[in-house]
Amino acid sequence: MDQEVIDAVKSYIDKLIRAGHPIKSAVLFGSRARGDWLITSDVDLLVIISNTQQDFIERIVEFSRFWDGPWALDVFPYTINEVKRLLNRGSVALYDALDYGLVIHDDGTFQRLRELFRDAVNRGVIRRVNGWWTIPTEPIYP
Numbered sequence: 012m013d014q015e016v017i018d019a020v021k022s023y024i025d026k027l028i029r030a031g032h033p034i035k036s037a038v039l040f041g042s043r044a045r046g047d048w049l050i051t052s053d054v055d056l057l058v059i060i061s062n063t064q065q066d067f068i069e070r071i072v073e074f075s076r077f078w079d080g081p082w083a084l085d086v087f088p089y090t091i092n093e094v095k096r097l098l099n100r101g102s103v104a105l106y107d108a109l110d111y112g113l114v115i116h117d118d119g120t121f122q123r124l125r126e127l128f129r130d131a132v133n134r135g136v137i138r139r140v141n142g143w144w145t146i147p148t149e150p151i152y153p
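Heads up, the sequence shown is in our numbering, so the first residue is 12 and it goes up one at a time.
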C-alpha cells in the first residue's frame, strides 16, 4: 500500500465530510489496496453515505469535484440502501472492497457489512471462482 495514496484519500474524505456529505464509510480497494498497482493505476474508492437526493451519476460528479490527488479517481458513492441491495444481488466492486479493502473511514457500517459478507463466504453463499464472484445463492443482508 502506498501511504501517499492513503493520505490523499483521507484528505479527500475529510473534505467531503466538511462539505456536509453524510459519509458513513470509505474503503480503498483495487490495485492500490492490494499493492499490485502500476504507475498508471487509478484509485478505487467505495464511499457509503446515509442518504441523498442525488442519483448515482450526480453523486459521482459531485464527489469527483473534491478530489485533487495526482491519480485518477474511480469513486463509487452508494447509499447504505444501495449497498444492501448490491450485497444481496451481487457486485464485483462491492465484494472486492468487502474482501480486501482498506478501511479509511468507518462509523461501524462497513465493519457490519464485512462481517455479513465473510459469513456468507464461509457458508458458501458466495464464492470467488477464477477471480470472479458468484451471484449469492440467498440474501446476505437480512
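Note that the Cβ used here is the ideal one computed from N, Cα and C, for glycine as well. If you're wondering where the values come from, they're calculated on a predicted model, not measured in any experiment.
Checking 9 Å against the spacing of the C-beta atoms, do residue i and residue j come in under that value?
i: Y106; j: L127; result: no
i: I34; j: I50; result: no
i: Y111; j: F40; result: yes
i: I91; j: A37; result: no
i: V94; j: W144; result: no
So residue i and residue j are in contact, right, with Cβ under 8 Å, and what is the actual spacing, rounded?
i: G31; j: V54; result: That pair is no contact at about 23 Å.
i: V16; j: R43; result: 5 Å
i: P88; j: R100; result: 18 Å between Cβ atoms; not a contact.
Restricting to Cα atoms, I'd like to know which of the options is closest to residue i.
i: A83; options: A19, P150, D118; result: A19
i: A131; options: N141, T148, G119, T120; result: T148
i: P150; options: G142, G135, N141, Q14; result: G135
Please work out which residues of its chain come closer than 6 Å, Cβ to Cβ, to residue i, disregarding the five sequence neighbours upstream and downstream, and give them in chain order.
i: R125; result: L109
i: L27; result: I34, F77
Please return the same chain residues whose Cβ sits closer than 8 Å to the Cβ of residue i, not counting the five positions on each side in sequence.
i: S61; result: P33, K35, T90, I91
Which runs of the alpha helix (DSSP H) spanning at least 4 residues fall entirely within the region 73-117, listed in chain order? 91-100, 103-111
List in chain order: all unbroken beta strand (DSSP E) runs of 3+ residues lying wholly within the region 24-74. 34-40, 54-60
Please specify which runs of the alpha helix (DSSP H), each continuous and at least 4 residues long, are wholly inside the region 118-149, giving them in chain order. 120-133
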